[in-house]
Amino acid sequence: MTFVQPEFLVFFAILFTLYWGVRARVAQNLLLLVASALFYGWVHPFWLVLLYTAALLDYGAGLAMERWPDRKKLVLIVSIGANLGLLGYYKYFDFFVENLATALDTVGIHNSLAPLGIALPAGISFYTFQSMAYSFDVYKGELKPRKTVVEYLLAVSFFAHLVAGPVQRASNLLQQAENERRFDIALVRSGFALAMWGAFKKLCIADAISPYANKVFSVDAPSTSMVIAGTLAFSLQILADFSGYTDIARGVARMLGWELMENFRHPYLSANPSEFWNRWHISFSTWIRDYVYIPFGGSRGGFWFVTRNTFAAMVLSGIWHGASWNFVLWGAYHGALLTGYRLATPRIPKAWKQWAGARAVAVAIMFGFTCFGWFLFRELRVTRILALATQNPFAATPEQNLTAAVVVGMTLVLATPLFAALAFERWGLPKLQDSPWYLPVQTAAWAAFGLGMFTFARMSTNDFIYFQF
Numbered sequence: 002m003t004f005v006q007p008e009f010l011v012f013f014a015i016l017f018t019l020y021w022g023v024r025a026r027v028a029q030n031l032l033l034l035v036a037s038a039l040f041y042g043w044v045h046p047f048w049l050v051l052l053y054t055a056a057l058l059d060y061g062a063g064l065a066m067e068r069w070p071d072r073k074k075l076v077l078i079v080s081i082g083a084n085l086g087l088l089g090y091y092k093y094f095d096f097f098v099e100n101l102a103t104a105l106d107t108v109g110i111h112n113s114l115a116p117l118g119i120a121l122p123a124g125i126s127f128y129t130f131q132s133m134a135y136s137f138d139v140y141k142g143e144l145k146p147r148k149t150v151v152e153y154l155l156a157v158s159f160f161a162h163l164v165a166g167p168v169q170r171a172s173n174l175l176q177q178a179e180n181e182r183r184f185d186i187a188l189v190r191s192g193f194a195l196a197m198w199g200a201f202k203k204l205c206i207a208d209a210i211s212p213y214a215n216k217v218f219s220v221d222a223p224s225t226s227m228v229i230a231g232t233l234a235f236s237l238q239i240l241a242d243f244s245g246y247t248d249i250a251r252g253v254a255r256m257l258g259w260e261l262m263e264n265f266r267h268p269y270l271s272a273n274p275s276e277f278w279n280r281w282h283i284s285f286s287t288w289i290r291d292y293v294y295i296p297f298g299g300s301r302g303g304f305w306f307v308t309r310n311t312f313a314a315m316v317l318s319g320i321w322h323g324a325s326w327n328f329v330l331w332g333a334y335h336g337a338l339l340t341g342y343r344l345a346t347p348r349i350p351k352a353w354k355q356w357a358g359a360r361a362v363a364v365a366i367m368f369g370f371t372c373f374g375w376f377l378f379r380e381l382r383v384t385r386i387l388a389l390a391t392q393n394p395f396a397a398t399p400e401q402n403l404t405a406a407v408v409v410g411m412t413l414v415l416a417t418p419l420f421a422a423l424a425f426e427r428w429g430l431p432k433l434q435d436s437p438w439y440l441p442v443q444t445a446a447w448a449a450f451g452l453g454m455f456t457f458a459r460m461s462t463n464d465f466i467y468f469q470f
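Here the sequence shown is numbered in our numbering, starting from 2 and rising by one per residue.
What follows is the structure, given as C-alpha cells:
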C-alpha cells in the first residue's frame with residue numbers, strides 16, 4: 002500500500018477514527034502496530050517476517066548488552082553483521098553475482114553464475130539502518146534498552162516512516178511511543194495541510210514531469226541539450242517525489258499525535274555541498290554523519306585523513322541507494338565535491354565573498370553541480386554515462402534542440418508551484434499566520450490542492466522513487 006492509493010484513504014480514515022476513539026496509550030500503540038503490519042504487508046505479507054526479524058534482533062541485542070556489559074561489543078558486532086547480512090542478501094547479492102561472473106569471463110574463466118532474481122523488499126534499507134542505530138545508541142550508553150517489545154516494534158515499524166523514511170532516531174520514536182497522546186485539532190489541521198501539499202507535489206508535479214525525464218533517458222542517442230533538459234526534469238521529479246513522500250509521512254503522523262523529523266529544507270538553494278547535505282534527505286545524511294563519518298574520525302585530522310573519511314561516508318551513501326555502479330560513482334562524485342569545496346573555499350578572495358550577489362552565484366553553481374550528480378544518479382549504465390558526458394555538446398539536430406526546449410519549458414511550468422510555495426513561506430505566511438484570514442486561506446489552499454490532484458493526476462501513478470532503495 003502507498004500513500005497515493007485510494008485504499009490508503011480508506012485505511013487512514015478507519016485508523017484515525019479508531020485511534021482517537023480509544024484513550025489508553027497502550028491500546029493506541031497496539032492499534033498502530035497492527036495497522037502498520039497491515040499497511041506494510043498489504044501486497045507481500047512475507048516482508049513482515051524480514052521487518053520483525055531485523056527489529057527483534059536489535060531489541061534482543063539491547064537487552065543482551067545490558068545483561069552482559071563485558072560482551073556488549075561482541076553483541077554489537079553480531080547485531081550489525083546480521084542486519085548488514087539481511088540487507089546485503091536482498092539488495093546486493095544479485096549485483097555481486099553478476100559482477101563476479103563478468104570478472105571471471107574477463108579473465109577467461111568459464112562459469113555458470115547467474116543472479117537469483119531476488120526481489121527487493123520495500124523499505125529494507127530504511128528500517129535496517131534505523132534498527133541498527135538503536136543498537137549503536139545502546140552500546141554507546143546514549144539510550145537505555147527498552148523492555149516493552151510492543152513499543153519498540155512500533156517505533157521501528159510505524160507505517161508513516163517505514164517504507165521511505167525519514168530515517169528516525171530510536172530515541173525520538175521510542176519516547177513518543179511511551180508518552181501519552183491527546184487529540185489536538187490544531188495538529189490535525191497542520192498535519193492535513195502538510196499531507197495535502199505532499200500529495201500535490203507527488204501527483205501533480207513529480208508524476209507529471211516523470212514522462213519527460215523518462216523519455217529523454219530512454220532515447221538511444223540523445224543530444225547533450227536533451228540530456229541537460231532531461232536531467233533538469235529529473236531534478237524536479239526527485240525533489241517533488243521524495244519531499245512529497247516525506248510531507249505526507251510527517252502529515253499523517255502529526256494527525257495521529259506523532260512528530261517525524263524534517264527531511265528537506267529547500268536543498269536547491271544550497272551554496273555549497275555541505276549545505277546541500279544539511280538540506281537534502283537530512284535524516285539519512287545525519288545518520289551517515291553520526292554513525293559512519295564521525296566514528297571513522299570525522300574531521301579530526303589532516304587533509305588526507307578527512308578526505309578518506311569523506312569519501313568513505315559518501316561512497317557508502319551511494320551504495321546504500323542501490324546495487325549499481327552509477328550509485329557508487331554518484332557517491333564518489335559528492336565526496337569529490339565536498340573535498341574540492343574544502344580546498345577552494347579558503348582561497349576565494351574576501352572581496353568576492355562580501356559581494357552582494359555572491360550567494361546567488363554560489364547557489365547557481367551548486368545547483369549545476371547537483372544536477373550533474375542527478376545525471377549520474379538517474380543513468381544506471383556507466384558506459385552510457387561516459388558516452389553522454391564526453392560527446393560533442395554542439396552536435397544536435399534542430400528537432401533535438403526543440404525537444405530539449407519543450408522539456409525545459411515543462412520543467413519550469415511544473416516547478417512554478419514550488420517557487421510560489423517558497424515565496425509564500427518566506428513572505429506571506431509570517432504575516433498571515435496570526436491573521437483572521439489564515440483559516441480561510443488555508444481552506445482555499447486545500448481546495449486548490451484537491452482540485453489540482455483531481456484534474457491533473459494520472460489514473461496510474463508511479464511508485465515513489467525511494468521505494469526502490
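A virtual CB, placed ideally from N, CA and C, is assigned to each residue, including glycine. Computed from a predicted structure; not experimentally measured.
G166 in three-state terms, based on DSSP: As a first step, residue 166 is located in the sequence shown; it is residue number 165 there, counting from the start. G166: coil per DSSP, three-state reduction.
Expressed to the nearest angstrom, what Euclidean distance is found between the alpha-carbon atoms of A250 and S113? Within the sequence shown, residue 250 is the residue found at index 249, counting from 1. Within the sequence shown, residue 113 is the residue found at index 112, counting from 1. About 44 Å.
Given that a residue counts as buried once 16 or more other Cβ atoms are within 10 Å of its Cβ, and exposed if not, what is N393? The sequence position of residue 393 within the sequence shown is 392, counting from 1. Exposed, since its Cβ has fewer than 16 Cβ neighbours within 10 Å.
I want to know whether the segment 191-201 touches the segment 32-50 - three or more CB-CB distances under 8 Å. no
Which whole runs of the alpha helix (DSSP H) in the segment 294-356 are 4 residues long or more, in chain order? 304-322, 326-345 and 351-355
Just the C-alpha distance for N84 and A55, rounded to the nearest angstrom, thanks. As a position in the sequence shown, residue 84 is number 83, starting the count at 1. As a position in the sequence shown, residue 55 is number 54, starting the count at 1. C-alpha separation (whole angstroms): 6 Å.
How should R68 be labelled, buried or exposed, when 16 other C-beta atoms within 10 angstroms of its C-beta is the threshold for buried? Counting from one through the sequence shown, the residue named residue 68 turns up at place 67. Exposed.
How far does the alpha helix (DSSP H) with W48 in it extend, from its first residue to its last? Mapped onto the sequence shown, residue 48 falls at position 47. Per DSSP, W48 belongs to the alpha helix (DSSP H) from F47 to R68.
Does the Cβ-Cβ distance between Y269 and L240 come in under 8 Å? Indexing the sequence shown from 1 puts residue 269 at position 268. Indexing the sequence shown from 1 puts residue 240 at position 239. A contact, by the Cβ cut-off of 8 Å.
If R255 and F265 are in contact, beta carbons under 8 Å, what's the gap, nearest whole angstrom? Numbered from its first residue, the sequence shown carries residue 255 at position 254. Numbered from its first residue, the sequence shown carries residue 265 at position 264. Going by Cβ atoms, the distance from R255 to F265 rounds to 16 Å, so no, they are not a contact pair.
Quick check on E8: buried or exposed, where buried means 16 or more other Cβ atoms within 10 Å of its Cβ? The residue given as residue 8 occupies position 7 in the sequence shown. E8 is exposed by the Cβ-count criterion.
Jot down the residue ranges of each uninterrupted beta strand (DSSP E) in the segment 206-245, minimum 3 residues, whole runs only, in chain order. none
Beta carbon of F160, beta carbon of F40: below 8 Å? Position 159 of the sequence shown holds residue 160. Position 39 of the sequence shown holds residue 40. Result yes, Cβ atoms of F160 and F40 sit closer than 8 Å.
Exposed or buried, what is A209 when buried is set at 16 or more other beta-carbons lying within 10 Å of its beta-carbon? Indexing the sequence shown from 1 puts residue 209 at position 208. Buried: at least 16 other Cβ atoms inside 10 Å.
Between L77 and S172, which are expected to be in contact by the criterion C-beta below 8 Å, what is the C-beta distance as a whole number of angstroms? Mapped onto the sequence shown, residue 77 falls at position 76. Mapped onto the sequence shown, residue 172 falls at position 171. The Cβ separation is near 17 Å, so there is no contact.
Between which two residues does the alpha helix (DSSP H) holding P399 run? Here residue 399 refers to the residue found at position 398 when the sequence shown is read from its first residue. It spans P399 to A424 - the alpha helix (DSSP H) in which P399 sits, taken as one unbroken run.
With a 10 Å radius around its C-beta and 16 neighbouring C-beta atoms as the bar for buried, classify P296 as buried or exposed. Locating residue 296 in the sequence shown gives position 295, counting from the first residue. Label assigned to P296: exposed.
Where A25 falls: helix, strand or coil (DSSP): Translated into the one-based positions of the sequence shown, residue 25 becomes position 24. A25 falls in the coil class under three-state DSSP.
Considering Cα atoms alone, identify which of Q355, R290 and F306 is closest to S318. Here residue 318 refers to the residue found at position 317 of the sequence shown. When only C-alpha atoms are compared, the closest one is R290.
Going by the CB atoms, is the gap between F4 and Y246 shorter than 8 Å? The count along the sequence shown starts at 1 and reaches residue 246 at position 245. The count along the sequence shown starts at 1 and reaches residue 4 at position 3. Yes, Cβ-Cβ distance for Y246 and F4 is below 8 Å.
At what residues does the alpha helix (DSSP H) containing M262 begin and finish? Here residue 262 refers to the residue found at position 261 of the sequence shown. M262 -> no alpha helix (DSSP H), and no H or E assigned at all.
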